[in-house]
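Enquirer: Residue numbers (my numbering), protein chains in the order written: chain D, 17 to 360; chain A, 17 to 125. C-beta atoms are modelled at their ideal positions from N, C-alpha and C, and glycine is treated no differently. Bear in mind that the values here come from a model prediction, so they are computed numbers and not experimental data.
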């Protein structure tokens with residue numbers, strides 16, 4: 017690696033502002049301080065660490081920059097958690113096609129509909145009708161025995177309903193295997209309905225994905241705020257860029273609040289039965305309850321993935337516009353000036 | 017004002033210095049207690065320049081290496097003077113308190 021390449025790698029740790037103003041001096045001073053033996057590995061390491069530390073600094077004497085950085089930290093954490101949740105979603109086990117499992121469970125006690133009522137990646141639902149003369153509780157018991165024999169972990173059959181004049185009496189049990197949860201309910205209804213639902217269970221990888229994404233987002237939020245506040249502090253159109261950035265931040269706070277709401281609601285709360293919702297529910301239609309997303313507009317913005325996504329895009333566009341408005345002018349570049357030969 | 021910042025301004029009070037010169041001067045002023053690293057120095061110089069406390073005096077090339085000299089601005093001198101006065105007051109107060117400490121030789125009983 018050439019010396020200039022090596023210097024570029026070391027200086028990459030520094031904010032662009034410091035690289036422009038002091039890049040050559042940093043390398044020169046490190047070499048001078050090291051003496052004739054040249055910089056050691058520790059000298060280079062310290063140079064990089066000091067540069068990374070500089071990236072976290074905010075402009076001194078600007079309380080609004082601190083407020084903006086704290087808000088950007090929160091926004092970054094929320095978006096990071098949502099991104100981590102989206103990535104962690106793909107570690108959920110895929111629910112098998114409902115037909116074979118349902119047939120295995122119910123055997124000849126019922127006739128299943130040819131097509132599943134629902135077949136999604138994380139949940140499925142099959143409906144059927146109990147055969148004439150087959151009792152619902154007995155059919156559920158036999159289905160439980162068949163699934164237990166096939167390696168499913170099952171609960172006992174629970175009989176409920178039929179006393180309030182609203183709900184049909186039914187027999188139900190739950191089964192789990194390989195991260196998939198199954199529910200079988202046989203009703204004492206006129207149409208002798210049998211319902212078999214399959215759900216993905218939250219894998220242990222999901223929470224680390226969310227928290228990891230949140231940590232990365234917090235870092236990114238602070239670093240972006242530090243870079244932008246320095247940029248705005250040195251801009252000619254300081255007021256315009258600050259107002260634009262503030263507007264973008266205000267827009268981003270709304271979807272961030274939605275994400276934190278779902279984070280608090282869903283992350284610690286793993287449902288025993290059924291598919292839990294995802295933390296990124298604020299930004300994406302739920303794969304578990306897609307029907308509930310139509311027409312996709314809730315009573316407030318928090319319930320509308322569409323509106324939250326629009327707010328995120330509008331906020332990021334405003335922040336990017338602020339960065340463009342505050343781009344460094346010629347005077348602030350301060351490149352290393354050609355040396356006057358008279359002085360040298 | 018943090019100690020490294022105070023020492024950098026102190027180093028520049030008498031004459032303009034380049035980066036390595038500031039590092040040497042700060043080490044001498046602090047009795048080798050404070051050893052500035054280049055990254056720390058230029059981060060501080062950048063902030064001090066933004067605040068108008070220091071300014072670039074001139075640039076030179078020595079053996080093909082850039083040397084940019086920094087000088088204390090008038091507002092930098094005022095800030096340094098105010099901080100020195102403040103530290104002096106605190107030091108005097110500490111000495112007075114210590115002299116009043118019971119059981120200390122020469123102090124009040």
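Residue 101(A) lies in the beta strand (DSSP E); which residues open and close that run?
Expert: Premise fails: residue 101(A) lies in the alpha helix (DSSP H), 90-115, not in any beta strand (DSSP E).
Enquirer: Could you check the C-alpha separation between residue 342(D) and residue 248(D) for me, to the nearest Å?
Expert: Roughly 5 Å separates the two Cα atoms.
Enquirer: Leaving out the 5 sequence neighbours to the left and right, which residues in its chain are closer than 7 Å to residue 204(D) when beta-carbon positions are compared?
Expert: Only 152, 178, 184, 185, 186 meet the Cβ criterion.
Enquirer: Is there contact between the region 51-67 of chain D and the region 198-215 of chain D, where contact requires at least three CB pairs shorter than 8 Å?
Expert: Contact between the region 51-67 of chain D and the region 198-215 of chain D is absent, because fewer than three Cβ pairs lie under 8 Å.
Enquirer: So which residues of chain D does residue 23(A) contact, with C-beta pairs closer than 7 Å?
Expert: Correct list: empty, because the minimum Cβ distance to chain D is about 16 Å.
Enquirer: Determine, using beta carbons only, whether residue 94(D) and residue 276(D) come nearer to each other than 8 Å.
Expert: In this structure, residue 276(D) lies closer than 8 Å to residue 94(D) by Cβ.
Enquirer: Within 8 Å of any Cβ in chain A, is that where the Cβ of residue 245(D) sits?
Expert: For residue 245(D), the answer is no, since every Cβ of chain A falls outside 8 Å of its Cβ.
Enquirer: At what residues does the beta strand (DSSP E) containing residue 136(D) begin and finish?
Expert: Element bounds for residue 136(D): n/a, residue is neither H nor E.
Enquirer: For residue 310(D), which residues in the same chain have their Cβ closer than 7 Å to its Cβ, ignoring the five residues on either side in sequence?
Expert: Residue confidence is low: residue 310(D) scores 45 on pLDDT, short of 50, so the model does not pin down where it sits. No coordinate-derived value is stated.
Enquirer: For residue 54(A), decide whether its Cβ has a neighbour in chain D, counting only Cβ atoms nearer than 8 Å.
Expert: So, interface residue.
Enquirer: Just mark residue 238(D) as buried or exposed, buried being the case when its beta carbon has 16 or more other beta carbons within 10 Å.
Expert: By the 10 Å Cβ count, residue 238(D) comes out buried.
Enquirer: Taking all protein chains shown into account, decide if residue 91(D) is buried (16 or more other Cβ within 10 angstroms of its Cβ) or exposed.
Expert: Buried.
Enquirer: Taking residue 33(A) as the query, report the chain D residues whose CB atoms sit under 7 Å from its CB, ordered along the chain.
Expert: By Cβ distance, chain D contributes nothing, its closest Cβ being about 11 Å from residue 33(A), past 7 Å.
Enquirer: Find the nearest neighbour of residue 374(D) within the set 84(D), 23(D), 128(D), 22(D), judged by alpha-carbon distance.
Expert: The shown model of chain D, from 17 to 360, leaves out residue 374(D), and the question about it has no answer.
Enquirer: Going by beta-carbon coordinates alone, are residue 42(D) and residue 36(A) separated by less than 8 Å?
Expert: Not a contact, by the Cβ cut-off of 8 Å.
Enquirer: How should residue 125(D) be labelled, buried or exposed, when 16 other C-beta atoms within 10 angstroms of its C-beta is the threshold for buried?
Expert: Under this definition residue 125(D) is a buried residue.
Enquirer: Compute the distance between the beta-carbons of residue 267(D) and residue 323(D), then report whether it is under 8 Å.
Expert: No; because the gap between Cβ atoms is not below 8 Å, this pair is not in contact.
Enquirer: Pull the bridge partners of residue 214(D) from the DSSP assignment, please.
Expert: Note: residue 214(D) sits in a beta bridge opposite 140(D), 198(D).
Enquirer: Please classify residue 34(A): does DSSP put it in a helix, a strand, or coil?
Expert: Coil, per DSSP.
Enquirer: Quick check on residue 7(D): does DSSP put it in helix, strand or coil?
Expert: What the structure shows of chain D is the stretch from 17 to 360, and residue 7(D) is not part of that stretch, so it cannot be assessed.
Enquirer: Please report the distance separating the alpha-carbon of residue 168(D) from that of residue 192(D).
Expert: Between residue 168(D) and residue 192(D), the C-alpha separation is close to 6 Å.
Enquirer: Within 10 Å of its beta-carbon, does residue 21(A) have 16 or more other beta-carbons around it, so buried, or fewer, so exposed?
Expert: Buried, by the Cβ-count rule.
Enquirer: DSSP on residue 14(A), reduced to helix/strand/coil?
Expert: Absent from the structure is residue 14(A), since the part of chain A shown begins at 17 and ends at 125.
Enquirer: Does residue 174(D) come out as helix, strand or coil in the three-state DSSP assignment?
Expert: In this structure, residue 174(D) counts as strand in the three-state DSSP scheme.
Enquirer: Over the uninterrupted alpha helix (DSSP H) stretch that includes residue 245(D), give me the two end residues.
Expert: First-last of the alpha helix (DSSP H) with residue 245(D): 222-249.
Enquirer: Could you tell me which chain A residues have their CB closer than 8 Å to the CB of residue 34(D), listed as they occur along the chain?
Expert: Chain A residues near residue 34(D): 58, 59, 62.
Enquirer: Evaluate the contact criterion for the region 23-42 of chain A versus the region 83-100 of chain A: three or more CB pairs, one atom per stretch, below 8 Å.
Expert: The answer is yes - the region 83-100 of chain A touches the region 23-42 of chain A, with three or more Cβ pairs under 8 Å.
Enquirer: Output needed in chain order: residues of the region 62-88 of chain A with a Cβ under 9 Å from some Cβ in chain D.
Expert: Those would be 62, 63, 65, 66, 67, 72, 74, 75, 76, 77, 78, 81, 82, 83, 84, in chain order.
Enquirer: By DSSP, does residue 53(D) sit in helix, in strand, or in coil?
Expert: Reduced to three states, the DSSP call for residue 53(D) is coil.
Enquirer: I think residue 100(D) touches residue 225(D), with their Cβ atoms under 8 Å apart; what is that distance to the nearest whole Å?
Expert: With a Cβ gap of about 5 Å, residue 100(D) and residue 225(D) count as contacting.
Enquirer: Answer yes or no: does any C-beta atom of chain A fall closer than 8 Å to that of residue 81(D)?
Expert: No, residue 81(D) does not count as interfacial toward chain A.
Enquirer: Taking one C-beta from the region 131-151 of chain D and one from the region 100-115 of chain D each time, how about it: are there three or more such pairs within less than 8 Å?
Expert: Verdict: yes, contact present.
Enquirer: Restricting to Cα atoms, I'd like to know which of 261(D), 279(D), 235(D), 197(D) is closest to residue 109(D).
Expert: Comparing Cα-Cα distances from residue 109(D) to each of 261(D), 279(D), 235(D), 197(D), the minimum goes to 197(D).
Enquirer: Identify which residue in 174(D), 105(D), 120(D), 259(D) has its Cα closest to the Cα of residue 294(D).
Expert: Among 174(D), 105(D), 120(D), 259(D), the Cα nearest to that of residue 294(D) is on 105(D).
Enquirer: What three-state label does DSSP hand residue 277(D) in the structure shown?
Expert: Three-state result, residue 277(D): helix.
Enquirer: Identify, in the order they occur along the chain, each residue of the same chain with its Cβ nearer than 6 Å to the Cβ of residue 83(A), setting aside the five sequence neighbours on each side.
Expert: So the list reads 34, 76, once near-sequence residues are dropped.
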